[in-house]
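Undergrad:
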Amino acid sequence: MANASTLELSYLEKPTNNDLKHIDGDLGLPVIGKTIPLVNDFYNVVDEHYKKYGPVSKLGQIGQNVLLCVGADINKQILLDTDKNFSNAKGYEDTLGQFYDGGLLLQDFDQHKSQRRMFQTAFKFDTMQHYAGTLNQTIRESIEKWDTIDDFRFFPNIKETLLDVGAQLFLGITDFKGDEAKRMSNIFIEITDGLIGVVRVDSPLLPFTKWRKGKQAKRYMQRYLIGKIEERRNGDGKDMFSLICREKDEDGHYFSDEVIARHINFLLFGAHDTTTSNLSYIMQHLAQNKDILDRARQQSLETGKEELDFKDLKGMTELDNIQNEALRLHPAVMMYTRRTIRDCEIGGVHVPANTVLNIPPQYTHMMAEHWDNPEKFDPDRFSPERAEHKRHSHQFVPFGGGAHKCIGMNFAQMLVKCFMHQILLKYDWDVPAAYNPEHQAFPLPKQQDDLPLTLKRRK
1 MANASTLELS YLEKPTNNDL KHIDGDLGLP VIGKTIPLVN DFYNVVDEHY
51 KKYGPVSKLG QIGQNVLLCV GADINKQILL DTDKNFSNAK GYEDTLGQFY
101 DGGLLLQDFD QHKSQRRMFQ TAFKFDTMQH YAGTLNQTIR ESIEKWDTID
151 DFRFFPNIKE TLLDVGAQLF LGITDFKGDE AKRMSNIFIE ITDGLIGVVR
201 VDSPLLPFTK WRKGKQAKRY MQRYLIGKIE ERRNGDGKDM FSLICREKDE
251 DGHYFSDEVI ARHINFLLFG AHDTTTSNLS YIMQHLAQNK DILDRARQQS
301 LETGKEELDF KDLKGMTELD NIQNEALRLH PAVMMYTRRT IRDCEIGGVH
351 VPANTVLNIP PQYTHMMAEH WDNPEKFDPD RFSPERAEHK RHSHQFVPFG
401 GGAHKCIGMN FAQMLVKCFM HQILLKYDWD VPAAYNPEHQ AFPLPKQQDD
451 LPLTLKRRK
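So, in structure tokens, the structure goes:
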């Protein structure tokens, strides 16, 4: 098989293969396929396909036919990609690629390896310790008055908090409550909303569609970031944008302005929305499992600290397990996507070149062959004594795997622990009686009602 340095790149120019006649499955309705059932009932659609057609089956989506690829063995084959058979760039081209083209997730092989080094300083220990100080202050100021808000909904409030974090730590905007930060937060939201735009026309004749507004916001973000690069490169800022502007490639040259701007744009999306989703489910499950909440609070109390430093994080084992269990039940990315580069075999099925693959981590996270009582919220399954997540190397993949494993994983874990530590010390909280919300799957998993909470300040 071709390796990363010799891989012939003509696959980038080839059209997607939709001819999957020889593979079992259900394409659904003409044109829209099974998109609507997937959006409305994601897990059960995957479950039906898996039980009826096996680990590899065809499935129709808007504009294309894809293969649904399920199971830990298949996760390992595709995510590790030892034979260089699978393209991220082509897999995400028609979805994330419409707004985040050039982001690290949407790059393949040598290009991905080369540009990943751009982030090396941004995620070092000393840098993470610096982030923790800013992060803690922003969280403290944000949650101080949450208990005074009528009809409090967790999701929009944590989203606003994390946008403030992003303005400071990602973009280096020091006045994170000022007009510049607000404008960039709105731009970010418009780009994200564009991902779920149904009418995919970027035309002034349809100025108010989500797709059009998202495309305009993307162009604005790109211009904004490029306009700041020289200033950040010549400064001494410790935010991610500034650090990345000062990184150099293997030949000692700065990365191009266009490349930097595309990476920062995607980094905002990858770090912000995923953590917003994860925290929303942690808060729900802890409200419904007060014994687990009390154990986590006790560990926080035992630190004797109101805020955590980066070096404190390893000791927060209760929060580690809670975060992992929330990610198991509700992975922040519901579907990983790749496209085959050449003919190959997946799960005993011959798959043609240029075929789009969808890999649903949530389903593997719920398979009874890997997990005990998988529908139960049980953080202790991640404890050293039980270690259910180690029964197969790729049964638990909330941050992906292989060369494309999330580069911001440690940052996301720090953010979650710092937030949870503070809110555990400051508040008790409850969800409505018999709370059982409807769930949104795309563009990120969340409770459709935005998670109503009753907060009570602790003495």
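Position 90 (the sequence shown) corresponds to 90 in full-length UniProt numbering; numbering is contiguous.
Glycine included, every Cβ here is placed at the ideal spot set by N, Cα and C.
In this structure, how does DSSP classify residue 6 when only helix, strand and coil are distinguished?
TA: Position 6 of the sequence shown, counted from the start, is the residue given in the question as residue 6. Bear in mind that the predicted position of residue 6 carries a pLDDT of just 48, short of 50, making it too unreliable to give a figure here.
Undergrad: Three or more beta-carbon pairs under 8 Å between the stretch 223-239 and the stretch 257-266, yes or no?
TA: yes
Undergrad: Pick from 428, 13 and 339: whose alpha carbon is nearest that of residue 352?
TA: The count along the sequence shown starts at 1 and reaches residue 352 at position 352. Cα-wise, what sits closest to residue 352 is 339.
Undergrad: How would you write the range of the alpha helix (DSSP H) that residue 406 sits in, first residue to last?
TA: On the sequence shown, residue 406 is found 406 positions in, with the first residue counted as 1. Premise fails: residue 406 is in no alpha helix (DSSP H) and is neither H nor E.
Undergrad: Give the straight-line distance between the Cα atoms of residue 493 and residue 323, rounded to the nearest whole angstrom.
TA: The requested residue 493 is not part of the displayed model; the chain covers only 1 to 459.
Undergrad: Hey, could you find the ends of the alpha helix (DSSP H) residue 350 is sitting in?
TA: Mapped onto the sequence shown, residue 350 falls at position 350. Run containing residue 350: none in the alpha helix (DSSP H); it sits in the beta strand (DSSP E), 349-351.
Undergrad: Below 8 Å on the Cβ atoms is my contact criterion, and I expect residue 36 with residue 122 to pass it. Report the Cβ-Cβ distance as a whole number of Å.
TA: Counting from one through the sequence shown, the residue named residue 36 turns up at place 36. Counting from one through the sequence shown, the residue named residue 122 turns up at place 122. That pair is no contact at about 39 Å.
Undergrad: Would residue 382 and residue 271 qualify as a contact pair, given that the criterion is a beta-carbon distance under 8 Å?
TA: For the purposes of this step, residue 382 is taken as the residue at position 382 of the sequence shown. For the purposes of this step, residue 271 is taken as the residue at position 271 of the sequence shown. No. Outside cutoff.
Undergrad: Identify whether residue 37 lies in helix, strand or coil by the three-state DSSP scheme.
TA: As a position in the sequence shown, residue 37 is number 37, starting the count at 1. In the structure shown, residue 37 sits in a helix (DSSP, three-state: H, G or I).
Undergrad: From the DSSP output, in three-state form, read off residue 395 for me.
TA: Numbered from its first residue, the sequence shown carries residue 395 at position 395. Three-state result, residue 395: coil.
Undergrad: Could you give the DSSP three-state label for residue 1: helix, strand or coil?
TA: Position 1 of the sequence shown holds residue 1. Note that residue 1 scores a pLDDT of 46, beneath 50, so its modelled location is shaky; the value from the coordinates is reported in the next line. In this structure, residue 1 counts as coil in the three-state DSSP scheme.
Undergrad: Please list the terminal residues of the continuous beta strand (DSSP E) segment that includes residue 82.
TA: Counting from 1 along the sequence shown, the entry for residue 82 is found at position 82. Per DSSP, residue 82 belongs to no beta strand (DSSP E) and is neither H nor E.
Undergrad: Nearest by alpha-carbon distance to residue 196: which of 115, 95, 186 and 246 is it?
TA: By 1-based counting over the sequence shown, the position of residue 196 is 196. Sorting 115, 95, 186 and 246 by C-alpha distance to the C-alpha of residue 196 places 95 at the top.
Undergrad: If I measure Cβ to Cβ from residue 49 and keep anything under 8 Å in the same chain, skipping five residues before and after, which residues do I get?
TA: The residue given as residue 49 occupies position 49 in the sequence shown. Once the five neighbours on either side are set aside, the close Cβ partners of residue 49 are 25, 26, 57, 59, 68 and 70.
Undergrad: Grouping DSSP H, G and I as helix and E and B as strand, with all else coil, what is residue 263?
TA: One-based indexing of the sequence shown puts residue 263 at position 263. Note: residue 263 maps to helix in three-state DSSP.
Undergrad: Which residues in the same chain have their Cβ closer than 6 Å to the Cβ of residue 3, if we skip the five residues on either side of it in sequence?
TA: The sequence position of residue 3 within the sequence shown is 3, counting from 1. Confidence at residue 3 is low in this model, with a pLDDT of 48, below 50, so the placement of that residue is unreliable and no value is reported for it.
Undergrad: Express the C-alpha separation of residue 454 and residue 429 in angstroms, rounding to a whole number.
TA: The count along the sequence shown starts at 1 and reaches residue 429 at position 429. The count along the sequence shown starts at 1 and reaches residue 454 at position 454. Rounded to whole angstroms, residue 429 to residue 454 spans 5 Å at the Cα level.
Undergrad: How would you call residue 40, buried or exposed, if buried means at least 16 neighbouring beta carbons within 10 angstroms?
TA: In the sequence shown, counting from the first residue as 1, residue 40 sits at position 40. Flag for residue 40 reads exposed.
Undergrad: Excluding the 5 residues flanking residue 206 on each side, which residues of the same chain have their C-beta closer than 8 Å to its C-beta?
TA: Start at 1 with the first residue of the sequence shown, and residue 206 comes out as number 206. If we look at residue 206 and ignore the five residues flanking it on each side, its Cβ neighbours are 199 and 212.
Undergrad: Is residue 283 near residue 451, with beta carbons less than 8 Å apart?
TA: Translated into positions along the sequence shown, residue 283 becomes position 283. Translated into positions along the sequence shown, residue 451 becomes position 451. For residue 283 and residue 451, yes; Cβs fall inside 8 Å.
Undergrad: Tell me which same chain residues have a C-beta within less than 7 Å of the C-beta of residue 119, skipping the five on either side of it?
TA: Taking the sequence shown and counting its residues from 1, one reaches residue 119 at position 119. Answer for residue 119: 244 and 407, listed in chain order.
Undergrad: Per the contact definition of three or more C-beta pairs closer than 8 Å, is the stretch 102-120 in contact with the stretch 387-394?
TA: no
Undergrad: For the alpha helix (DSSP H) that residue 68 lies in, which residues bound it at each end?
TA: Counting from 1 along the sequence shown, the entry for residue 68 is found at position 68. From DSSP, residue 68 is part of no alpha helix (DSSP H) but of the beta strand (DSSP E) over 64-69.
Undergrad: Please determine, among 379, 177 and 354, the residue with the shortest C-alpha to C-alpha distance to residue 9.
TA: Residue mapping note: residue 9 aligns to position 9 of the sequence shown, counting from 1. The shortest C-alpha separation from residue 9 is found at 354.
Undergrad: With distances taken from CA atoms, which of 44, 386, 369 and 85 is nearest residue 350?
TA: The residue you call residue 350 lines up with position 350 of the sequence shown. Considering only alpha carbons, the answer is 85.
Undergrad: What's the gap between the Cα of residue 29 and the Cα of residue 21?
TA: Position 29 of the sequence shown, counted from the start, is the residue given in the question as residue 29. Position 21 of the sequence shown, counted from the start, is the residue given in the question as residue 21. Going by the C-alpha atoms only, they are around 16 Å apart.
Undergrad: State the DSSP-derived secondary structure class of residue 224, mapped to helix, strand or coil.
TA: Taking the sequence shown and counting its residues from 1, one reaches residue 224 at position 224. Correct three-state label for residue 224: helix.
Undergrad: Quick one: Cα of residue 45 to Cα of residue 360, how far?
TA: For the purposes of this step, residue 45 is identified with residue 45 of the sequence shown, where counting begins at 1. For the purposes of this step, residue 360 is identified with residue 360 of the sequence shown, where counting begins at 1. The alpha-carbon atoms of residue 45 and residue 360 are separated by roughly 11 Å.
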